[in-house]
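Participant: Chains as they are written, first to last, in this note's numbering: chain A, 5 to 215; chain B, 5 to 215.
There are 2 protein chains.
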Amino acid sequence: MNGKQVSKATLQRLPSYLTYLRTVPYRENISSAAIAGELGLGEIQVRKDLASVSGCGRPKTGYRTDKLIADLEEFLGYKNIDNAVVVGCGRLGMAILDYNGFSEYGMNIEAGFDADEDKVGVSQTGKEILPTEKLEEYCGKYDIKIGILCVPPECAFQACRMMVDAGIKAILNFAPVCPSAPEGIIVKNVNIAAQLAQLANSMANREYSEI
Amino acid sequence: MNGKQVSKATLQRLPSYLTYLRTVPYRENISSAAIAGELGLGEIQVRKDLASVSGCGRPKTGYRTDKLIADLEEFLGYKNIDNAVVVGCGRLGMAILDYNGFSEYGMNIEAGFDADEDKVGVSQTGKEILPTEKLEEYCGKYDIKIGILCVPPECAFQACRMMVDAGIKAILNFAPVCPSAPEGIIVKNVNIAAQLAQLANSMANREYSEI
DNA sequence: GTTTTATCGATACTATGTTATCGATAATAG
DNA sequence: CTATTATCGATAACATAGTATCGATAAAAC
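#1: With a threshold of 8 Å between beta-carbons, can residue 199 (chain B) be considered close to chain A, or not?
#2: With three or more beta-carbon pairs closer than 8 Å as the criterion, would you say the region 68-82 of chain B touches the region 20-40 of chain B?
#3: Which residue spans inside the region 65-105 of chain A form an unbroken alpha helix (DSSP H) run of at least 4?
#4: Mark residue 147 (chain A) as exposed unless 16 or more other C-beta atoms lie within 10 angstroms of its C-beta, in which case mark it buried.
#5: Quick check on the DSSP output: the alpha helix (DSSP H) that includes residue 203 (chain B) runs from which residue to which?
#6: Which bits of chain A does residue 176 (chain B) rub up against, with CB to CB less than 9 Å?
#7: I believe residue 127 (chain B) touches residue 98 (chain B) by the beta-carbon criterion, under 8 Å. Please report the beta-carbon distance rounded to the nearest angstrom.
#8: According to a CB-to-CB cut-off of less than 8 Å, which residues of the region 90-111 of chain A neighbour chain B?
#9: Give every residue of the same chain whose Cβ lies closer than 6 Å to the Cβ of residue 117 (chain B), excluding the five residues on either side of it in the sequence, and list them in chain order.
#10: Classify residue 1 (chain A) as helix, strand or coil using the three-state DSSP reduction.
#11: At a CB-CB cut-off below 7 Å, which residues of chain A make contact with residue 217 (chain B)?
#12: If distances are taken between C-alpha atoms only, which option among B:94, B:189 and B:105 comes closest to residue 159 (chain B)?
#13: If I follow the unbroken alpha helix (DSSP H) through residue 135 (chain A), where does it start and stop?
#14: To the nearest angstrom, how far is the alpha carbon of residue 176 (chain A) from that of residue 183 (chain B)?
#15: Which of the three DSSP states is assigned to residue 150 (chain B) in this structure?
#16: Looking at the structure shown, is residue 7 (chain B) part of a helix, part of a strand, or coil, going by DSSP?
#17: Quick check on residue 48 (chain B): buried or exposed, where buried means 16 or more other Cβ atoms within 10 Å of its Cβ?
#18: In three-state terms, what does DSSP make of residue 189 (chain A)?
#19: Nearest CA to the CA of residue 42 (chain A): which residue from A:105, A:57 and A:25?
#20: Considering only the beta carbon of each residue, do residue 88 (chain A) and residue 153 (chain B) sit closer than 8 Å?
#21: With burial defined as no fewer than 16 other Cβ atoms inside 10 Å of the residue's Cβ, what is the status of residue 104 (chain B): buried or exposed?
#22: Of all the options B:54, B:204, B:44 and B:120, which has the alpha carbon lying nearest to the alpha carbon of residue 15 (chain B)?
#23: Leaving out the 5 sequence neighbours to the left and right, which residues in its chain are closer than 6 Å to residue 37 (chain B) when beta-carbon positions are compared?
#24: Is any beta-carbon of chain B found at less than 8 Å from that of residue 86 (chain A)?
#25: Starting from residue 152 (chain A), find everything on chain B with Cβ-Cβ shorter than 8 Å and list it in chain order.
#26: Which residues bound the alpha helix (DSSP H) around residue 48 (chain A)?
#27: Considering only the alpha carbon of each residue, which of A:155, A:61 and A:111 lies closest to residue 85 (chain A)?
#28: Taking only beta carbons into account, state which residues of the region 155-174 of chain A come closer than 8 Å to chain B, listed in chain order.
#29: Can you give me the Cβ contacts of residue 50 (chain B) inside the same chain, cut-off strictly under 7 Å, excluding the 5 residues immediately before and after it?
#30: Run the CB neighbour count on residue 30 (chain B), radius 10 Å, all protein chains shown included, and call it buried at 16 or more, exposed below.
#31: Rounded to whole angstroms, what's the CA-CA distance from residue 34 (chain B) to residue 68 (chain B)? Just pull it up for me.
#32: Are there 16 or more other CB atoms within 10 angstroms of the CB of residue 222 (chain B), so buried, or fewer, so exposed?
#33: Is it right to say residue 130 (chain B) is buried, meaning 16 or more other beta carbons lie within 10 angstroms of its own, or is it exposed?
#34: Opposite residue 126 (chain B) in the DSSP bridges: which residues?
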């Protein structure tokens with residue numbers, strides 16, 4: 005996007021700084037040590053991460069909270085909205101479809117799709133749920149490039165292919181499979197069960213620290 | 005747990021190998037190159053990762069699929085079941101409570117808790133939903149050490165404290181906040197909106213590859 | 001039985017990411 | 001106005017992770 009050189013590792017931590025800053029009781033300035041303490045990171049790491057996006061840090065006082073939030077939002081691209089659709093309107097899909105916290109991260113969920121005729125209609129918050137046959141038409145019409153895949157594992161491959169055919173270029177996959185996608189399509193797998201298991205393991209091994 | 009020296013990075017990839025092996029059409033043997041190709045990794049990396057847990061690789065043929073799956077399950081601790089509870093039975097909490105894929109990862113969701121009296125009862129699949137006042141008693145009685153936090157952000161801090169008071173030592177947090185927990189408690193934050201935003205960004209920057 | 005081939009595993013190298021040190025400086029106290 | 005203190009930012013040292021090279025070897029071909 006811009007020429008700033010930010011490491012992958014840093015990029016993954018930036019959202020957590022923003023989330024923290026948004027929820028912490030307001031104070032005009034905040035120090036790297038305070039952020040680090042709360043998030044279980046080193047203060048030097050925090051300074052280095054923030055230096056790559058903000059430059060509003062000042063000796064003795066720390067960072068101006070509101071400027072830092074604005075800079076993070078700017079850098080992370082949360083100021084211009086991206087649209088996405090949900091494919092698979094089971095319980096998880098519906099929860100995501102109606103979740104109202106996406107706008108804080110620059111995302112908007114436009115509509116849901118499901119193969120089951122009974123699901124077609126509108127969600128609790130009034131979002132459209134359409135049959136999967138309409139996916140291609142809809143994504144073309146509204147230029148949707150991002151899809152959230154929430155179908156059962158046995159349907160995941162087929163659903164994934166339909167999304168690709170519909171012109172979707174990035175897929176957030178909640179099915180516990182690794183659907184193969186053609187070149188140029190980004191798939192990010194989110195496996196809640198595996199994350200929970202990892203947590204259980206960390207605990208068993210006494211790896212005490214925030215992850 | 006055991007003395008094997010496995011890097012953090014490797015540990016994070018191991019579950020994805022297992023998920024892939026479980027869903028790929030069965031074949032007796034599989035090569036590192038095949039796994040790497042499907043998961044978008046380097047084959048050397050795959051070999052190195054697998055070497056730390058299995059040692060069933062053989063020249064010319066690759067790895068014995070079933071042995072590899074068994075070794076991964078063993079290593080990741082998916083063979084002995086850990087129990088967990090869900091705190092906050094909104095739509096996401098309910099979806100997790102009734103999701104049937106946890107056993108594959110050695111996890112079992114025992115019950116749900118909610119502050120809202122109307123939610124108390126049983127879930128669609130028959131799991132108990134109890135009032136939050138019962139959390140401490142329940143966790144003590146059944147020795148529950150793992151909790152999944154699915155409450156709205158404004159309740160997260162309070163709910164987190166209740167969980168800690170109830171003896172929970174590891175929290176998988178879906179609320180978009182960073183609840184501070186005392187020493188010895190592991191908190192793993194899962195922010196779906198932030199992950200979606202990151203995906204949108206990767207796409208915008210043409211970083212084509214599976215994440 | 002020897003040669004060829006596909007693949008692993010070990011070692012060495014390179015890149016990336018983290019932590020320590022230290023000088024610079026804004027705010028405060030004297 | 002000078003000294004002190006808290007904090008940042010840059011540079012350098014260190015640690016971790018990823019990649020390339022290469023010898024070893026099991027299976028298959030000849």
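Using N, Cα and C, we set each Cβ at its ideal position, and we do this for glycine too.
Facilitator: Reading it off the structure:
#1: Chain A contact via Cβ: present.
#2: The way I'd put it, the region 68-82 of chain B does touch the region 20-40 of chain B; three or more beta-carbon pairs between them come closer than 8 Å.
#3: Runs of the alpha helix (DSSP H) lying entirely within the region 65-105 of chain A and spanning at least 4 residues, in chain order: 69-80 and 95-102.
#4: It counts as exposed.
#5: Here the alpha helix (DSSP H) through residue 203 (chain B) covers 196-208.
#6: 196, 199, 200 and 203, listed in chain order.
#7: Right, their Cβ atoms sit about 6 Å apart.
#8: Taking 8 Å as the upper bound on Cβ-Cβ separation, chain B lies near residues 94, 95, 96, 98, 99, 100, 102, 103, 105, 106, 108, 109, 110 and 111 of the region 90-111 of chain A.
#9: Cβ contact annotation for residue 117 (chain B) (same chain, cutoff 6 Å, sequence separation greater than five): 91, 134, 136 and 139, in chain order.
#10: Nothing about residue 1 (chain A) can be read from this structure; chain A reaches only from 5 to 215.
#11: No answer is possible for residue 217 (chain B): it lies beyond the span of chain B, which begins at 5 and ends at 215.
#12: It is B:94 whose Cα lies nearest to the Cα of residue 159 (chain B).
#13: Looking at the DSSP string, residue 135 (chain A) is not in any alpha helix (DSSP H); the run it does join, the beta strand (DSSP E), is 132-135.
#14: Rounded to the nearest angstrom, the two C-alpha atoms are 25 Å apart.
#15: Annotated three-state conformation of residue 150 (chain B) is strand, per DSSP.
#16: Note that residue 7 (chain B) scores 47 on pLDDT, short of 50, meaning its location in the model is unreliable and no value can be drawn from it.
#17: Classification of residue 48 (chain B): exposed, given that the 10 Å Cβ count is below 16.
#18: Coil, per DSSP.
#19: Answer by Cα proximity: A:25.
#20: Not closer than 8 Å, so no.
#21: With fewer than 16 other Cβ atoms within 10 Å, it is exposed.
#22: The candidate whose alpha carbon is nearest that of residue 15 (chain B) is B:54.
#23: Its chain contains 47 as the residues whose beta carbon lies nearer than 6 Å to that of residue 37 (chain B), once the 5 sequence neighbours on both sides are disregarded; these appear in chain order.
#24: With 8 Å as the cut-off, residue 86 (chain A) counts as an interface residue toward chain B.
#25: Result: 200.
#26: Per DSSP, residue 48 (chain A) belongs to the alpha helix (DSSP H) from 47-55.
#27: The shortest C-alpha separation from residue 85 (chain A) is found at A:111.
#28: Residues passing the 8 Å Cβ filter: 157, 173 and 174.
#29: Closer than 7 Å at Cβ, skipping near neighbours: 36, 39 and 40.
#30: Only exposed fits residue 30 (chain B), as fewer than 16 other CB atoms lie within 10 angstroms of its CB.
#31: Taken atom to atom, the span from the alpha-carbon of residue 34 (chain B) to that of residue 68 (chain B) is near 7 Å.
#32: Here chain B covers residues 5 to 215 and nothing more, so residue 222 (chain B) does not appear.
#33: Label assigned to residue 130 (chain B): exposed.
#34: According to DSSP, residue 126 (chain B) shares a beta bridge with B:132.
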